[in-house]
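Sequences listed follow chains A and B, in order.
Read in order, the letters of the first sequence are residues 14 to 116 in this note's numbering.
Read in order, the letters of the second sequence are residues 3 to 218 in this note's numbering.
For glycine and all other residues, C-beta sits at the position ideal for the given N, C-alpha and C.
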Amino acid sequence: MQGTLTLLVLRTLESRGPLHGYALCDHIHAVSDELLQVEEGSLYPALRRMEQDGWILSKWEITDKGRKAKVYAMTPRGRKQLAEEQETWERLTRGVTRVLRYS
Amino acid sequence: MPWYQRWRNVFRADRLHNELEDEFQYHLAETVDRLVADGMPESEAWREARLRMGNYSLQKEKTRDMNVAAWLDATRADLVYGLRQLRSNPGFAGIAVLSLALGIGANTTIFQLVDAIRLKMLPVEKPQELASIDFEPGSTRLGAWYGRSAVLTYAQWEQIRTQQQALSGVMAWSADGFSLANGGEPRYAEGLYVSGDFFSRSRSSGGTGTHIQRAR
Numbered sequence: 014m015q016g017t018l019t020l021l022v023l024r025t026l027e028s029r030g031p032l033h034g035y036a037l038c039d040h041i042h043a044v045s046d047e048l049l050q051v052e053e054g055s056l057y058p059a060l061r062r063m064e065q066d067g068w069i070l071s072k073w074e075i076t077d078k079g080r081k082a083k084v085y086a087m088t089p090r091g092r093k094q095l096a097e098e099q100e101t102w103e104r105l106t107r108g109v110t111r112v113l114r115y116s
Numbered sequence: 003m004p005w006y007q008r009w010r011n012v013f014r015a016d017r018l019h020n021e022l023e024d025e026f027q028y029h030l031a032e033t034v035d036r037l038v039a040d041g042m043p044e045s046e047a048w049r050e051a052r053l054r055m056g057n058y059s060l061q062k063e064k065t066r067d068m069n070v071a072a073w074l075d076a077t078r079a080d081l082v083y084g085l086r087q088l089r090s091n092p093g094f095a096g097i098a099v100l101s102l103a104l105g106i107g108a109n110t111t112i113f114q115l116v117d118a119i120r121l122k123m124l125p126v127e128k129p130q131e132l133a134s135i136d137f138e139p140g141s142t143r144l145g146a147w148y149g150r151s152a153v154l155t156y157a158q159w160e161q162i163r164t165q166q167q168a169l170s171g172v173m174a175w176s177a178d179g180f181s182l183a184n185g186g187e188p189r190y191a192e193g194l195y196v197s198g199d200f201f202s203r204s205r206s207s208g209g210t211g212t213h214i215q216r217a218r
């Protein structure tokens, strides 16, 4: 869903610390009991956008397999953004649940 | 900004592009590793990984487009460069500014003239209240018509005249050529067919002769 990708990425970076794009995809896929599949093609544009908004930082590292990977970490501004988006998300789901339950 | 710095900007865009390429490559390599670990032959795994990435080059373009900052920077550099060029060639700059000024000035004057004479001084009582009802320019309808756009038929005009409520009244016209001669050699004149209340509606002060009235 539009907009939830930033929420998922920020929350993952908060709980797991700095990660590269592939690990982000993997983590979200695994933790959601394989219910959520982050589309790889939309992840990287989103990451770049978030970096430009100052929510995350990136740097290049060499992984233990000897590959170059770009690692993303959350900034304080990202933390604030996460709190906001979490709040919005909870309000949205509460509202939708109420509408669905109403009979 | 000197030319070599402009070149550096070009290379910087390239570097950004390379970084993206590296990031995608890393993602592909990791995906392939996992697929191979799950028992897929390596050549097939590469194909599969690419498929999962979606339209590879399109995604790359999309990600690159996100870098508006780089684009803005290039535009700013171009502007500064242009200004510097103008300053170093004052003769050329003067002529360019002068011709622009003349062109803009002439256009403005002509528009003001047309506006005053043709638009504001129509020989009707309240020209500012006039509105035009027509098909959208360039639109089509069935049948034959002159010119590029469809025109209203008489039946459509009648519908508008009897049903419209937005205006205090409507009038219609159609340009045509007429022969003024009463038999014999024709005397050609440009003219308009107009609806019956054309003159009373517009309270036109133009022209001489007898104004026609709306048919009772």
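### Query
Taking Cβ to Cβ, would you say A:V63 is nearer than 7 Å to A:L26?
Here residue 63 of chain A is taken as the residue at index 50 of the first sequence, counted from 1. Here residue 26 of chain A is taken as the residue at index 13 of the first sequence, counted from 1. It should be pointed out that residue 63 of chain A corresponds to Met in this sequence rather than to Val. Not a contact, by the Cβ cut-off of 7 Å.
### Query
Can you give the Cα-Cα distance for B:D24 and B:T77, rounded to whole angstroms?
Here residue 24 of chain B refers to the residue found at position 22 of the second sequence. Here residue 77 of chain B refers to the residue found at position 75 of the second sequence. Cα to Cα, the separation comes out at about 27 Å.
### Task
Indicate the three-state DSSP secondary structure (helix, strand or coil) for B:L121 in the structure shown.
As a position in the second sequence, residue 121 of chain B is number 119, starting the count at 1. If DSSP states are grouped into helix, strand and coil, B:L121 belongs with the helices.
### Message
Between A:T25 and chain B, is any beta-carbon pair separated by less than 7 Å?
### Response
Within the first sequence, the letter at position 12 stands for residue 25 of chain A. Answer no: the Cβ-Cβ gap between A:T25 and chain B never drops below 7 Å.
### Message
Going by DSSP in three states, A:L48 sits in which element: helix, strand or coil?
### Response
The residue given as residue 48 of chain A occupies position 35 in the first sequence. In this structure, A:L48 counts as coil in the three-state DSSP scheme.
### Task
Pick out whichever of B:S90, B:D40, B:Q167, B:L154 has its Cα sitting closest to the Cα of B:S176.
Along the second sequence, one-based indexing puts residue 176 of chain B at 174. It is B:L154 whose Cα lies nearest to the Cα of B:S176.
### Entirely enclosed alpha helix (DSSP H) segments - the region 184-214 of chain B, minimum 4 residues
200-204
### Message
Quick test of the definition: if touching needs 3 or more C-beta pairs under 8 Å, does the region 41-50 of chain A touch the region 33-44 of chain B?
### Response
no
### Query
Grouping DSSP H, G and I as helix and E and B as strand, with all else coil, what is B:L144?
Walking along the second sequence from the start, residue 144 of chain B turns up at place 142. The answer is coil: DSSP assigns B:L144 none of H, G, I, E or B.
### Message
I'd like to confirm the pairing. Which residues does DSSP put opposite A:M87 in its beta bridges?
### Response
In the first sequence, residue 87 of chain A corresponds to position 74, counting from 1. DSSP output for A:M87 lists A:I69 as bridge partner(s).
### Query
Cα separation between B:W159 and B:P188?
Start at 1 with the first residue of the second sequence, and residue 159 of chain B comes out as number 157. Start at 1 with the first residue of the second sequence, and residue 188 of chain B comes out as number 186. Between B:W159 and B:P188, the C-alpha separation is close to 31 Å.
### Query
Using a C-beta cutoff of 7 Å, does A:Y85 count as contacting chain B?
Position 72 of the first sequence, counting from 1, holds the residue named residue 85 of chain A. Closer than 7 Å: no.
### Task
Could you tell me if A:K72 is buried or exposed, where buried requires 16 or more neighbouring beta carbons within 10 angstroms of its beta carbon?
Here residue 72 of chain A corresponds to residue number 59 of the first sequence, with the count starting at 1. It counts as exposed.
### Message
Rounding to the nearest angstrom, what Cα-Cα distance links B:L30 and A:R111 in this structure?
### Response
Taking the second sequence and counting its residues from 1, the one referred to as residue 30 of chain B is at position 28. Taking the first sequence and counting its residues from 1, the one referred to as residue 111 of chain A is at position 98. Cα to Cα, the separation comes out at about 42 Å.
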